[in-house]
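Chains as they are written, first to last, in the numbering used here: chain A, 1 to 502; chain B, 1001 to 1243; chain C, 2001 to 2364.
One structure is given below, encoded as structure tokens.
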């Protein structure tokens, strides 16, 4: 037994014979896996420390490393999986609530996007070549006025409330400074500005250096109210009230004191070394009319110049909840699905609470239409949007735009090892270690993000063009553009689509 | 001093007037339920009579709000600086998440006063409640000072409801009584403070409070105070097991 | 679009109440003024009132208020009523057309008394007979909905803001010793009048602010005792639980309050003594009726009114007194607007009920 634990290491680091012993892996690994034997000068690896972040593999100049799963297997049982048993061992050893990060890896809850198929034009109407023909992805999100107004001369009065303008219907999801490094925030902010879209501060405030990106920034107000003050509210293009997130519906946030130092403490406006806790609810919102109160408070404090987004996790009652939000004065509803990512979440909540984005989104869009209020609000969908086709399918289901968190982090080097909560991210993403953070160059990161979103934009244009659609709003809610494959009638009904072949 | 009759105006117009006025002193009379007065205000002084509505002085960032009357829910919500003085009682969730400035309530506060208050750098919020407070006083307290005086209450009486200071991990709560709150959390410490501490820590803030409401500061400082702080030896921790 | 009963609809709200202990007459416009002040707490998708002592000329008869979708439903329902009741008087409920209130159903009122032989046949007391008949009617008869069936009291509700609902029903033409009012903010709009509040059974009416998280545990429990939760709203289940506890189990109002807003076990332990034992007994005995999650409710009944918050007081509720009058509202200003100088104004603690009743000698 190692350190009194029955849990066997999950991974094995394997070194090939052609390793040159250059030692790069020692420098790259932030978990202390690789060491050099002082007597023999040979490199060795302590696999028990490995989180499979792939940093050493990617940076090995000789391609002499790979990581495999521990080939050991437990006594077979079809009922009791190895993960299940390891979790029990872990809890029996510690008495702790299981904690992990990133979105739910559970395979037992379906992902629907891969089972939705996109239409294309053949014969009856022409498809479009987006490279050479006009194609619009410019997206406006915000509240629609209830009716038109005319001035005395009969001219239409511009009574559009403040809205957000995006060159592409993809924005970056909320990730707080503290959960991610300042380099990540910088990269996101620069990329959002370059791309003409938005990034989101998350709940940890906005670093002073990033106020200059305000017009591409969404500032978030969560229950902890970290770094929230009048200037902060005015700094961004929109204010987001975070009620919940898909990875942990109903659960608050907890950034340990160890991560609250220097600029993070300054930005969150909390003392160094003291835990930063976001209570599970906003303690000034216990009912839907209280949400209206907070929306109005924020609008008053910002002189009605900023759209207000309300972000909620996709849960059973999401449709009526969204209806209440639409009637609260909020401009935009952000729905974060079951597979949304996080820096840390209780495993049992992450893997069992909430519902998949696709179902929630379809239900909300339909409910708002049934109530004739869909045009009053915009919808942002998030929670494991993995590709441009996911984005296009979400829009066809009824979203105005999507936001991406995990995909953006992958662009910055994230390998989904789910060790965010350790603060030792070898890719400089989920860390506050100065040396580790330097590994992420914000400018290079921004370039990679720009490349990703530009590629997605091109692909979305291809998808639209294939269907003969040349403007993104013609795709929004266009559910005939989708067909399901291998779905039950109930699933098709909730999604509001037909089966392939119908 | 400009004077507005809230009963004769639409609330939205009243709020616009307050914003328009900049650094002046306004008197607002006949308030009855008008919400969001002084929301995000920075410089103005408001003197309100009547019962202003919810979210009075939310996001307050300077200036002064004085109310002759009671305030409702979410007074001083997320306020950053400035002064709110209620010469009456306040509803629930007073001073939620306030980070700076002063919220003085001459009478009682409802449930969940001072929840999630926090301090940073040299800035620290102060919430003083003249009478009693409801349950959940200072829950999740992360900084700042809360004082409950129990003016008019019998000596040695309970000044708060249940769950006082639950989840608190920084900051201080002073109660002018010898009675430890019912169901006192094991994560907290409490002790009676010395005469010297009263003089150094409480006299300065209570002097301003007393002057505001015509109380005698020496009387307010008479009697015993208990101080509630988080127990550094027994923090909320080690509840997680990473996998 | 599915309506109440087909889908569960949580909602937030505003509530207000007036009670004159000396039985003096309060005009319906007073409660209108109070609830109108809290306009921001509703969203125009429901408003309603309950008045007590408003039908003195028919005080010994059950006042049945019914919504009909169409004439056919009315004819069918009236045949049903005639089979079960002696109808003393029937009429349309007077309304004042308003652009703010649209899609009104046919709204009728009947003053009735059970046919004596029916009562005998069924071996039921009068109230149980009325309750069962109304519950059955609402469950089975399409196109009609009984929304009020108490003696000397009546519910008036609609889809709209409460002040517009008051004008629509001409509440200024009614006087009673007690009123409750509700402004609704449902998180879903079926746009159905029956789904508005107050919800009432016999003379018991409930207005409610909040969303209870124990809903389905409570619903499945109360349905064991002959109730049928057709609307799937919080207010309905609270009304049935209170009816069950007070009318059938014969708990006092204080005891019923200690059941639905039972204190935490450690609070009960702190109380100790007889009070602790009483609370522990009630909590053990009626554990399925513990209601958790935010609620503030006003319960009207013949001769009295109860105000109650959930045990954590997650919704606001203010009470005030002046002379023989007692006031309750979600916001203090909603009391001040009708009584600027109350002698006493306070916020009842979570889980501690305030009960007011007519002075001795005063009859409802």
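The C-beta atom is built at its ideal place from N, Cα and C for all residues, glycine as well.
Which runs of the beta strand (DSSP E), 3 residues or longer, sit entirely within the region 1051–1129 of chain B? 1061–1068, 1081–1086, 1102–1105, 1126–1129
6 Å CB neighbourhood of residue 1082 of chain B in its chain, flanking five on each side removed: Numbered from 1 along the second chain, position 82 holds the residue referred to as residue 1082 of chain B. The residues 1060, 1062, 1063, 1101, in chain order, have a CB closer than 6 Å to that of residue 1082 of chain B in the same chain once the five nearest residues on each side in sequence are set aside.
When you compare the CB positions of residue 289 of chain A and residue 2013 of chain C, do they come within less than 8 Å of one another, or not? Counting from 1 along the first chain, the entry for residue 289 of chain A is found at position 289. Counting from 1 along the third chain, the entry for residue 2013 of chain C is found at position 13. The answer is yes: Cβ separation under 8 Å.
Locate the alpha helix (DSSP H) running through residue 460 of chain A, then write down its first and last residues. If you number the first chain from 1, residue 460 of chain A lands on position 460. Segment 442–466, the alpha helix (DSSP H) holding residue 460 of chain A.
Under 7 Å Cβ-Cβ, which residues of chain B neighbour residue 2336 of chain C? Within the third chain, residue 2336 of chain C is the residue found at index 336, counting from 1. Here the neighbours are 1032, 1051.
For residue 165 of chain A, which residues from the same chain have a beta carbon less than 6 Å from its beta carbon, with the 5 sequence-adjacent residues on both sides left out? To locate residue 165 of chain A, count along the first chain from 1; it is residue 165. Hits under 6 Å: 140.
In three-state DSSP terms, what is residue 2177 of chain C? The count along the third chain starts at 1 and reaches residue 2177 of chain C at position 177. Three-state DSSP puts residue 2177 of chain C in coil, outside helix and strand.
Assuming residue 482 of chain A and residue 116 of chain A form a contact by the criterion Cβ under 8 Å, report the distance between their Cβ atoms to the nearest whole angstrom. Here residue 482 of chain A is taken as the residue at index 482 of the first chain, counted from 1. Here residue 116 of chain A is taken as the residue at index 116 of the first chain, counted from 1. Right, the Cβ-Cβ distance comes to about 5 Å (below 8 Å), so this counts as a contact.
Three-state secondary structure assigned by DSSP to residue 304 of chain A: Residue mapping note: residue 304 of chain A aligns to position 304 of the first chain, counting from 1. Of the three classes helix, strand and coil, the one that applies to residue 304 of chain A here is coil, per DSSP.
Can you find a C-beta in chain A that's less than 8 Å from the C-beta of residue 1059 of chain B? The residue you call residue 1059 of chain B lines up with position 59 of the second chain. Closer than 8 Å: yes.
Own chain partners of residue 1075 of chain B with C-beta closer than 6 Å, once the 5 adjacent residues on each side are dropped: Here residue 1075 of chain B corresponds to residue number 75 of the second chain, with the count starting at 1. So the qualifying residues of the chain are 1056, 1090, 1094.
Going by C-alpha distance, which of B/1088, B/1042, B/1233 is nearest residue 1050 of chain B? Taking the second chain and counting its residues from 1, one reaches residue 1050 of chain B at position 50. Closest by alpha carbon: B/1088.
Can you look up residue 324 of chain A in the DSSP assignment and give me helix, strand or coil? On the first chain, position 324 is the one that residue 324 of chain A refers to. Here residue 324 of chain A sits in helix by DSSP.
Could you name the residues of the same chain whose beta carbon sits closer than 6 Å to that of residue 1166 of chain B, not counting the 5 residues immediately before and after it, in chain order? Translated into positions along the second chain, residue 1166 of chain B becomes position 166. Answer for residue 1166 of chain B: 1139, 1185, listed in chain order.
List the residues of chain B that residue 2316 of chain C touches, going by C-beta distances under 9 Å, in chain order. Numbered from 1 along the third chain, position 316 holds the residue referred to as residue 2316 of chain C. Chain B residues near residue 2316 of chain C: 1054, 1072, 1073, 1091, 1092, 1093, 1110, 1111.
Does DSSP classify residue 294 of chain A as helix, strand or coil? Your numbering for residue 294 of chain A matches position 294 in the first chain. Note: residue 294 of chain A maps to helix in three-state DSSP.
Sub-8 Å separation of residue 429 of chain A and residue 180 of chain A beta-carbons: What you label residue 429 of chain A is simply residue 429 of the first chain in a count that begins at 1. What you label residue 180 of chain A is simply residue 180 of the first chain in a count that begins at 1. Cβ atoms of residue 429 of chain A and residue 180 of chain A: closer than 8 Å.
For the region 2336–2359 of chain C, which residues have a CB atom closer than 9 Å to at least one CB atom of chain B, in sequence order? Answer in chain order: 2336, 2337, 2340, 2345, 2346, 2347, 2349, 2350.
Write down every uninterrupted run of the alpha helix (DSSP H) in the region 1187–1219 of chain B whose length is 4 residues or greater and which is fully enclosed by it, in chain order. 1203–1213
Between the beta-carbon of residue 2017 of chain C and the beta-carbon of residue 2224 of chain C, is there less than 8 Å? In the third chain, residue 2017 of chain C corresponds to position 17, counting from 1. In the third chain, residue 2224 of chain C corresponds to position 224, counting from 1. Going by C-beta atoms, residue 2017 of chain C is not nearer than 8 Å to residue 2224 of chain C.
According to DSSP, residue 2301 of chain C sits in a beta bridge with which residue or residues? On the third chain, position 301 is the one that residue 2301 of chain C refers to. Residue 2301 of chain C is bridged to C/2304.
Interface residues of chain C around residue 1183 of chain B at Cβ under 9 Å? Within the second chain, residue 1183 of chain B is the residue found at index 183, counting from 1. Under the 9 Å cutoff, chain C gives 2264, 2266, 2267, 2270.
Quick one: Cα of residue 2226 of chain C to Cα of residue 2244 of chain C, how far? Numbered from 1 along the third chain, position 226 holds the residue referred to as residue 2226 of chain C. Numbered from 1 along the third chain, position 244 holds the residue referred to as residue 2244 of chain C. So the two alpha carbons sit approximately 9 Å from each other.
Alpha carbon to alpha carbon, what distance is there between residue 2235 of chain C and residue 2063 of chain C? For this step, residue 2063 of chain C is matched to residue 63 along the third chain. For this step, residue 2235 of chain C is matched to residue 235 along the third chain. Their backbone Cα atoms lie some 21 Å apart in a straight line.
Quick check: what's the CA-CA separation for residue 273 of chain A versus residue 2318 of chain C? For the purposes of this step, residue 273 of chain A is taken as residue 273 along the first chain, with counting starting at 1. For the purposes of this step, residue 2318 of chain C is taken as residue 318 along the third chain, with counting starting at 1. Roughly 41 Å separates the two Cα atoms.
With H, G and I counted as helix, E and B as strand and the rest as coil, what does DSSP make of residue 346 of chain A? In the first chain, the residue the question calls residue 346 of chain A occupies position 346. Looking at residue 346 of chain A - three-state DSSP - the assignment turns out to be strand.
Looking only at C-alpha atoms, which of C/2042, C/2174, C/2157 sits nearest to residue 2195 of chain C? Position 195 of the third chain holds residue 2195 of chain C. Across the set C/2042, C/2174, C/2157, the C-alpha of C/2157 shows the shortest separation from the C-alpha of residue 2195 of chain C.
Rounded to whole angstroms, what's the CA-CA distance from residue 177 of chain A to residue 90 of chain A? Just pull it up for me. Counting from one through the first chain, the residue named residue 177 of chain A turns up at place 177. Counting from one through the first chain, the residue named residue 90 of chain A turns up at place 90. In a straight line, the C-alpha of residue 177 of chain A is about 30 Å away from that of residue 90 of chain A.
Own chain partners of residue 2241 of chain C with C-beta closer than 7 Å, once the 5 adjacent residues on each side are dropped: Locating residue 2241 of chain C in the third chain gives position 241, counting from the first residue. 2218, 2222, 2260, 2289.
Reference residue 2113 of chain C; option with closest CA among C/2255, C/2082, C/2351, C/2314: Taking the third chain and counting its residues from 1, one reaches residue 2113 of chain C at position 113. Answer by Cα proximity: C/2082.
Cβ of residue 40 of chain A within 8 Å of Cβ of residue 457 of chain A? For the purposes of this step, residue 40 of chain A is identified with residue 40 of the first chain, where counting begins at 1. For the purposes of this step, residue 457 of chain A is identified with residue 457 of the first chain, where counting begins at 1. For residue 40 of chain A and residue 457 of chain A, no; Cβs fall outside 8 Å.
Within its chain, find whatever has a CB closer than 6 Å to the CB of residue 46 of chain A; leave out the 5 residues flanking it on each side and keep chain order. Translated into positions along the first chain, residue 46 of chain A becomes position 46. Taken in chain order, the residues that qualify are 33.
Check this for me: beta carbons of residue 247 of chain A and residue 103 of chain A, under 8 Å apart or not? Numbered from its first residue, the first chain carries residue 247 of chain A at position 247. Numbered from its first residue, the first chain carries residue 103 of chain A at position 103. Yes, the pair counts as a contact, with Cβ atoms nearer than the cut-off.
Proximity winner among A/74, A/22, A/142, relative to residue 373 of chain A (alpha-carbon distances): Position 373 of the first chain, counting from 1, holds the residue named residue 373 of chain A. With respect to the C-alpha of residue 373 of chain A, the residue from A/74, A/22, A/142 having the closest C-alpha is A/142.
Suppose only complete runs of 3+ residues qualify. What are the beta strand (DSSP E) ranges in the region 2190–2273 of chain C, listed by chain order? As far as the region 2190–2273 of chain C is concerned, its whole beta strand (DSSP E) runs of at least 3 residues are 2199–2201, 2204–2210.
Between residue 250 of chain A and chain C, is the shortest Cβ-Cβ distance under 8 Å, so that the two count as touching? As a position in the first chain, residue 250 of chain A is number 250, starting the count at 1. For residue 250 of chain A, the answer is no, since every Cβ of chain C falls outside 8 Å of its Cβ.
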